Amino acid sequence: MPQVPGWRGDPVWLADVLRAEGLDVVEFPGWRQRGHGDFKDIRGVMVHHTGSNSATAASIAFGRPDLAGPLSQLHIARDGTVTVVAAGVAWHAGVGMYPWLPANMGNWHTIGIECANSGTSPTAPHRRNWPDAQYFALVGSCAAINRHLGQPAGRTIGHKEYAGRAQGKWDPGAIDMDQLRRDVGERIGAVAGGGTPRPPVPVGEYADVLLYRGVRGPQVAELQRRLRYAYASYAGGLEIDGVFGPETESAVREFQRRTPGLKVDGVVGPATAAALRLRLVDG
Ligand SMILES: [Zn+2]
1 MPQVPGWRGD PVWLADVLRA EGLDVVEFPG WRQRGHGDFK DIRGVMVHHT
51 GSNSATAASI AFGRPDLAGP LSQLHIARDG TVTVVAAGVA WHAGVGMYPW
101 LPANMGNWHT IGIECANSGT SPTAPHRRNW PDAQYFALVG SCAAINRHLG
151 QPAGRTIGHK EYAGRAQGKW DPGAIDMDQL RRDVGERIGA VAGGGTPRPP
201 VPVGEYADVL LYRGVRGPQV AELQRRLRYA YASYAGGLEI DGVFGPETES
251 AVREFQRRTP GLKVDGVVGP ATAAALRLRL VDG
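So that you can map any letter, position 92 of the sequence shown is 92 in full-length UniProt numbering, and since no number is skipped, the others follow by simple counting.
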């Protein structure tokens, strides 16, 4: 676990804390440097829907013509992938109020979580159009952050609870916030005293994988994508060209060096592929 207690300052611990929760975490290149200045004390998390099922992490990192990114610190895709896009302040909350927040100051005191979801409608029942993977990644993210901050599940709020009156916001749509807080509370309790690492992926699933210098193709591109986005601290500059060249090899070696139990040989066989949770593609 990282050394930073996380009470004040920017949450540079986000990726580690989420990964320790067992979530599938991607570090968006440059996230540690991205933000509109520094947080004041971080008091909780605020949940949003993007308004579209297909909104990308990049759209949250870079923003829109009328509003510069980052638009939140986290993006959660429908497959449950949690992408950390910023460590600094993001424009997600706007004006509003909530008992444990100074009026209109949500951006400086809460970590924003944007879920790629249309929201369905303001009156849709709980979890309509929220896939399990996305919903439970949201529960895990809220739990991991609140636990890390030493705060209860009640420090999870929706944009609609903060800005409903002020801005007419209804996100996250189809989320009953009281039910979400109950689920977050259970998750915080279930792993009190530390995160639960994901169960190891059986190496057998990757028995056919063998990638090494000189190999080309979609599996190499997938390897490069995984390294670049999940291990951005040392592989963020890796080109995704499907060619296993010297840069790819050195990123693989670095991954192997940092992962206990792997041989550092620059070759992606079954054990390294399993540790990377490489997505297998045909061809
Ligand atoms: Zn929102």
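Ideal placement from N, C-alpha and C gives every residue a C-beta, glycine not left out. Quick caveat, the model's predicted, so the values are computed rather than measured.
Query	Result
For residue 285 versus Leu278, is the C-beta distance shorter than 9 Å?	Nothing can be reported for residue 285: it is not among the residues displayed for the chain, which extend from 1 to 283.
Tell me Arg216's beta-bridge partners as DSSP assigns them.	Val243
Starting from Gly140, trace the alpha helix (DSSP H) in both directions and tell me its first and last residue.	Asp132 to Leu149
Kindly give me the distance between the Cβ atoms of Val209 and Val268, rounded to whole angstroms, as I take these residues to be in contact under 8 Å.	6 Å
So, for Asn146: in the same chain, excluding its five sequence neighbours on each side, which residues have a beta-carbon less than 8 Å away from its beta-carbon?	Gly44, Val45, Pro152, Ala153, Arg155, Thr156, Val184 and Ile188
Can you say whether Asp10 is buried or exposed, counting buried as having 16 or more other CB atoms within 10 angstroms of its CB?	buried
Entirely within the stretch 73-126 and at least 3 residues each: give me those beta strand (DSSP E) ranges in chain order.	74-76, 82-84 and 110-115
Would Trp31 and Leu67 qualify as a contact pair, given that the criterion is a beta-carbon distance under 9 Å?	no
If you draw a straight line from the C-alpha of Gly217 to the C-alpha of Trp13, how long is it?	35 Å
Say whether the stretch 113-123 touches the stretch 70-77, bearing in mind that this needs 3 or more beta-carbon pairs closer than 8 Å, one atom from each stretch.	yes
Which residues mark the beginning and the end of the beta strand (DSSP E) in which Thr272 is found?	Counting along the chain, Thr272 falls outside any beta strand (DSSP E), though it belongs to the alpha helix (DSSP H) covering Pro270 to Leu276.
Who sits around ligand 2, taking every residue whose Cβ is closer than 5 Å to one of its heavy atoms?	Ligands displayed in this structure: ligand 1; ligand 2 is not among them.
Does Glu239 pass the burial test, meaning 16 or more other C-beta atoms within 10 Å, or should it be called exposed?	exposed
Determine the DSSP secondary structure at Ile157, reduced to helix, strand or coil.	strand
Measuring alpha carbon to alpha carbon, tell me which of Glu249, Lys40 and Thr50 ends up nearest Leu101.	Lys40
When the Cα atoms are used, what is the spatial distance from Ala86 to Arg34?	5 Å
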